[in-house]
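Asks: So that we are looking at the same thing, I have put the structure below in structure tokens.
Residue numbers (my numbering), protein chains in the order written: chain A, 1 to 93; chain B, 1 to 93; chain C, 1 to 93; chain D, 1 to 93; chain E, 1 to 93.
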């Protein structure tokens, strides 16, 4: 999973069927210390993440596992809102 | 998902079976501010996207979730045509 | 999907079961204008692509959707031989 | 799979359903000689990996294969704790 | 699929269940001419590849298609040992 920060919203009225009602947020992927790590992408949110929240995002087709038997065509899902991170700056040595 | 702009069409008469009739568009992936973010790729469109439209694209095997039980060999699908984007330029802090 | 050009063949007698008889081709991924876009990779071809053909390639596990119920361990499939490409060089603006 | 070192923990109280109770660790991906290879990411651990352990990590939707019939929305799983690595520094020639 | 050379072994006693008995090898991904193309990764081998062999590797969740109905949490599988490669150095033009 990737750590990122919620930086925006995306609105799209015309959508694939089955995606009506989903919330789409822009995520800036980040290093643990919040340095940006690549281009922002769009993720589905079902757990109430908001602007500035640090989140855990699942990418790829596993994101579609959220919906039980019916798999939706989505490739990124916010799976957690981060409370805290504990990093060993010596990289485990 | 990735934000991108529709920049072209691709025509291919000789195709894998089951892909007849699908529309294939070239997408330029982009940062939220429309700066290009990597090489253009090809996506399937079923919702009527046109040249210059900003779109949301699902990549990877989740794109094949569009078709219900029969999964097609496609790895990119336009899932929405963007109305508007709202970005926090301070990156949520 | 990715646009690329067929640049070579690969032969492998010793293979995973179920892959006997498949044709493996080297693909150079490309920008729409045929500039190379990263390292060549190997794709399965079932539609008769040949040296120099420009093709559409599906990557990732969706490539295995070609074979119906039995999913093969392949991650790239040529799904179309390109007749023509129509690119808006102004990028849709 | 990728080789990496466990460098941290992530805590998230608010999570997608079905993910309660899982342990999330930060992994620094690495070359065989432990040089960092890209941005750290977050993986699920079920085999008791700890800070500084060198691990094998499966990425992408195959990570969800850990859970039998119910696929969870996770995209990285620690599948082994490395005892030793044996590299041919001449690269097999 | 990716072309690579087998450059090492990895041993891990503590593993996810179902992965006991599998052989894990380090692969150096390569251009057709054997120039390295990115960081080495770890793949499962079931066809007897050895040090220095040039191999075809399937990456991503399609690697798990090797095992029939029971999908294992692996994301790279050696699917062939290369006999020969035939590259058109003019890139098909």
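Cβ coordinates follow ideal geometry from the N, Cα and C atoms, glycine included.
Just so we're clear, the structure is a prediction, and the values are computed from it rather than from any experiment.
Relative to chain B, which residues along the segment 1 to 24 of chain A have a C-beta separation below 8 Å, given in chain order?
Replies: Listed by position, the residues of the segment 1 to 24 of chain A near chain B (Cβ gap below 8 Å) are 5, 6, 7, 8, 9, 10, 11, 12, 13, 14, 15, 16, 19 and 24.
Asks: Cα separation between residue 37/B and residue 39/A?
Replies: Your numbering for residue 37/B matches position 37 in the second chain. Your numbering for residue 39/A matches position 39 in the first chain. Rounded to whole angstroms, residue 37/B to residue 39/A spans 7 Å at the Cα level.
Asks: Measure the alpha-carbon distance for residue 33/E versus residue 27/E and round it to whole angstroms.
Replies: Counting from 1 along the fifth chain, the entry for residue 33/E is found at position 33. Counting from 1 along the fifth chain, the entry for residue 27/E is found at position 27. Between residue 33/E and residue 27/E, the C-alpha separation is close to 16 Å.
Asks: When the distance is taken between beta carbons, is residue 77/D closer than 8 Å to residue 49/D?
Replies: Taking the first residue of the fourth chain as 1, we reach residue 49/D at position 49. Taking the first residue of the fourth chain as 1, we reach residue 77/D at position 77. Their beta carbons are not under 8 Å apart, which means residue 49/D does not touch residue 77/D by this criterion.
Asks: Compare the C-beta of residue 74/E with all C-beta atoms of chain D and state if any pair is closer than 8 Å.
Replies: To locate residue 74/E, count along the fifth chain from 1; it is residue 74. Answer yes: the Cβ-Cβ gap between residue 74/E and chain D drops below 8 Å somewhere.
Asks: Let's see if you can read the secondary structure: which residues bound the beta strand (DSSP E) around residue 61/D?
Replies: As a position in the fourth chain, residue 61/D is number 61, starting the count at 1. Careful: residue 61/D lies outside any beta strand (DSSP E) and carries neither H nor E.
Asks: Does the beta-carbon of residue 58/C have 16 or more other beta-carbons within 10 angstroms, so that it is buried, or is it exposed?
Replies: For the purposes of this step, residue 58/C is taken as the residue at position 58 of the third chain. Classification of residue 58/C: buried, given that the 10 Å Cβ count is 16 or more.
Asks: Measure the beta-carbon distance from residue 14/B to residue 80/C and round it to whole angstroms, keeping in mind my assumption that it falls under 8 Å.
Replies: Stepping through the second chain from its first residue, residue 14/B is reached at position 14. Stepping through the third chain from its first residue, residue 80/C is reached at position 80. At roughly 7 Å, the Cβ-Cβ gap stays under 8 Å, so residue 14/B and residue 80/C are in contact.
Asks: Identify, in the order they occur along the chain, each residue of the same chain with its Cβ nearer than 6 Å to the Cβ of residue 31/B, setting aside the five sequence neighbours on each side.
Replies: Looking up residue 31/B in the second chain gives position 31. Here the set comprises 37.
Asks: Would you call the segment 5 to 25 of chain C and the segment 2 to 17 of chain D in contact, with 3 or more CB pairs under 8 Å?
Replies: Flag = no, the segment 5 to 25 of chain C and the segment 2 to 17 of chain D do not touch.
Asks: Whose C-alpha, out of 89/D, 88/D and 82/D, is nearest the C-alpha of residue 16/E?
Replies: Here residue 16/E refers to the residue found at position 16 when the fifth chain is read from its first residue. Residue 16/E has its Cα closest to that of 82/D, out of 89/D, 88/D and 82/D.
Asks: Taking CB distances under 8 Å as the criterion, tell me whether residue 70/B reaches chain A.
Replies: Start at 1 with the first residue of the second chain, and residue 70/B comes out as number 70. Chain A contact via Cβ: absent.
Asks: Under a CB-based cut-off of 8 Å, is residue 84/E close to chain D?
Replies: Residue mapping note: residue 84/E aligns to position 84 of the fifth chain, counting from 1. Residue 84/E does not count as touching chain D.
Asks: Using a Cβ-Cβ distance cut-off of 8 Å, determine whether residue 56/A contacts chain B.
Replies: Within the first chain, residue 56/A is the residue found at index 56, counting from 1. Output row for residue 56/A: interface = no.
Asks: Establish whether the CB of residue 45/A and some CB of chain D are separated by less than 8 Å.
Replies: Residue numbering aside, residue 45/A sits at position 45 when the first chain is read from its first letter. Cβ-Cβ to chain D under 8 Å: no for residue 45/A.
Asks: When the cut-off is 8 Å and only beta carbons count, does residue 149/D lie next to chain A?
Replies: Residue 149/D lies beyond the stretch modelled for chain D, which goes from 1 to 93, so this question has no answer here.
Asks: Hey, how far is the Cα of residue 63/C from the Cα of residue 53/B?
Replies: As a first step, residue 63/C must be located in the third chain, where it is residue number 63. As a first step, residue 53/B must be located in the second chain, where it is residue number 53. Looking at the two C-alpha atoms, the distance is approximately 28 Å.
Asks: Does the CB of residue 93/C have a neighbour CB from chain B at under 8 Å?
Replies: Stepping through the third chain from its first residue, residue 93/C is reached at position 93. Note on residue 93/C: pLDDT 41, under 50, position unreliable in the model; the coordinate value appears next. Yes, residue 93/C counts as interfacial toward chain B.
Asks: Any beta carbon from chain C within less than 8 Å of residue 37/E's own beta carbon?
Replies: Position 37 of the fifth chain, counted from the first residue, corresponds to residue 37/E. Yes, contact with chain C.
Asks: Report all residues from its chain with a CB closer than 7 Å to the CB of residue 61/B; omit the five preceding and five following residues, and keep chain order.
Replies: Position 61 of the second chain, counted from the first residue, corresponds to residue 61/B. Result list for residue 61/B: 75, in chain order.
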